[in-house]
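S.K.: The numbering used here runs 40 ahead of the 1-based position in the sequence shown.
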Amino acid sequence: MNSKVAVGIITYQPEEQVLQRIIEVVESGYKAYIFDNSPDDPIIRNYVKQEASDDTKITYVTCGKNVGLGIGLSALCAQAYYDSFPTILFFDQDTVFSRITLDYISDFYTNNENLAEQYSSITFNSKTVGHTDIKEPLIKDVRLVINSGSLYLLSNVKKIGWHDSGFFVDCVDYAFCLASSNHHLKIGEHSKTPGFDHSTEQGDERFKVFGVVIPMRAYRFSRIWDTYTASIKLIFRAIFSGNFKYAVTFFMSVNKYMFVQFYYRFAKLFRLRSC
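1. So the candidates are Asp81, Leu116 and Thr269; which of them puts its Cα closest to the Cα of Gly104?
2. Does the distance from the CB of Ile145 to the CB of Arg183 come in under 8 angstroms?
3. Buried or exposed: Gly206, going by 16 or more other Cβ atoms within 10 Å of its Cβ?
4. Between Lys180 and the rest of its own chain, which residues show a CB-CB distance below 6 angstroms, the 5 nearest in sequence each way excluded?
5. Compare the beta carbon distance of Ile98 and Ala120 with 8 angstroms and say whether it is the shorter of the two.
6. Am I right that Gly112 and Ile50 are in contact with their C-beta atoms under 8 angstroms? What's the rounded C-beta distance?
7. Mapping the DSSP letters down to three states, classify Ala258 as helix, strand or coil.
8. Give me the residue from Asn77, Asp237, Asn42 and Val58 with the minimum Cα distance to Gly69.
9. Could you say which of Ala156, Leu178, Glu176 and Arg85 lies nearest to Tyr192 if we only look at CA atoms?
10. Let's test the definition: count the other Cβ atoms within 10 Å of the Cβ of Cys315 and tell me whether it reaches 16, buried, or not, exposed.
11. Which residues bound the alpha helix (DSSP H) around Val47?
12. For Val253, which residues from the same chain have a beta carbon less than 6 angstroms from its beta carbon, with the 5 sequence-adjacent residues on both sides left out?
13. What number of angstroms, rounded off, separates the C-alpha of Asp210 from the C-alpha of Tyr297?
14. Measure the alpha-carbon distance for Phe137 versus Ala278 and round it to whole angstroms.
15. Rounded to the nearest angstrom, what separates Ser293 and Gln90 at their Cα positions?
16. Is DSSP giving Val107 helix, strand or coil here?
17. His224 to His238, Cα distance in whole Å?
Here is the structure:
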């Protein structure tokens, strides 16, 4: 069992492929932490009960209802920390990964454990995989990252006060980035991770806008409103904490989000071709 990297997944009405990825995590020698936001759907609960009763392999947590990502991530990180794991690697349930991905990230951390001196999380993705002409540093410092693919350095996550449970789904990741900055901790990105796919199961379409290809999908208007209000909350939080760079970053981010939602509907209305 890998003693340095745990793997966390939050599930909500998962399909069979989500269970298969959890099984692969366990069979690859990693401790799995599962937060189930739909426990009445028995697919995950039955697996834990029947096939993985050994709690050294899997820890199952639920609040009996959907409490979102803020509470779920906070619980998973804290549980792994108090189980003496220095890190937890988090994936959304619709992020595709393999054992190659897990081993790559585990080796990366083993060779760079000193990152915990400066970083609260390192986000892994495959943006530059296959682009041999792109030369990047091992880690690029960034302001905003998403939760999925993030390796959380748990001693620093504890210093921050875990994830903010005041955010349900939208902006949980961005609130963490702001909290990291306010605690003088960095967010890093490594873009050459093999076997990583964050888009296939999300149903995005790609449109070229002013020469830039942007992945898009339409959200319900209630979800758009939730994202907008959460972003405004973060803008004011950044201002009140004196972190004006993040206030500007959040302002730009929410405007891009609103533009994408408008453009996607415009493209569908006028039947514009996706890339």
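By construction, the Cβ of each residue, glycine as well, lies at the ideal position given by its N, Cα and C atoms.
Everything numeric in this text was worked out from a predicted model, so none of it was measured.
M.R.: Reading from the atomic positions:
1. Counting from one through the sequence shown, the residue named residue 104 turns up at place 64. Closest by alpha carbon: Asp81.
2. In the sequence shown, the residue the question calls residue 145 occupies position 105. In the sequence shown, the residue the question calls residue 183 occupies position 143. No, they are not a contact pair.
3. The residue you call residue 206 lines up with position 166 of the sequence shown. With fewer than 16 Cβ atoms within 10 Å of its Cβ, Gly206 is classed as exposed.
4. In the sequence shown, the residue the question calls residue 180 occupies position 140. Hits under 6 angstroms: Glu229.
5. As a first step, residue 98 is located in the sequence shown; it is residue number 58 there, counting from the start. As a first step, residue 120 is located in the sequence shown; it is residue number 80 there, counting from the start. In this structure, Ala120 does not lie closer than 8 angstroms to Ile98 by Cβ.
6. Against the sequence shown, residue 112 aligns to sequence position 72. Against the sequence shown, residue 50 aligns to sequence position 10. The pair is a contact, with the Cβ atoms about 4 angstroms apart (cut-off 8 angstroms).
7. Counting from 1 along the sequence shown, the entry for residue 258 is found at position 218. Ala258: coil per DSSP, three-state reduction.
8. The residue you call residue 69 lines up with position 29 of the sequence shown. It is Asn42 whose Cα lies nearest to the Cα of Gly69.
9. Walking along the sequence shown from the start, residue 192 turns up at place 152. Measuring from the Cα of Tyr192, the nearest candidate turns out to be Ala156.
10. Looking up residue 315 in the sequence shown gives position 275. Label assigned to Cys315: exposed.
11. Along the sequence shown, read from residue 1 onward, the residue named residue 47 stands at position 7. No alpha helix (DSSP H) contains Val47, which is instead part of the beta strand (DSSP E) from Val45 to Thr51.
12. Looking up residue 253 in the sequence shown gives position 213. So the qualifying residues of the chain are Arg246 and Cys315.
13. Start at 1 with the first residue of the sequence shown, and residue 210 comes out as number 170. Start at 1 with the first residue of the sequence shown, and residue 297 comes out as number 257. Between Asp210 and Tyr297, the C-alpha separation is close to 12 angstroms.
14. As a position in the sequence shown, residue 137 is number 97, starting the count at 1. As a position in the sequence shown, residue 278 is number 238, starting the count at 1. If I take the Cα positions, the gap works out to 34 angstroms.
15. Here residue 293 refers to the residue found at position 253 when the sequence shown is read from its first residue. Here residue 90 refers to the residue found at position 50 when the sequence shown is read from its first residue. Cα to Cα, the separation comes out at about 44 angstroms.
16. Walking along the sequence shown from the start, residue 107 turns up at place 67. Coil.
17. As a working mapping, residue 224 is identified with position 184 in the sequence shown. As a working mapping, residue 238 is identified with position 198 in the sequence shown. Taking the straight line joining both Cα atoms gives about 29 angstroms.
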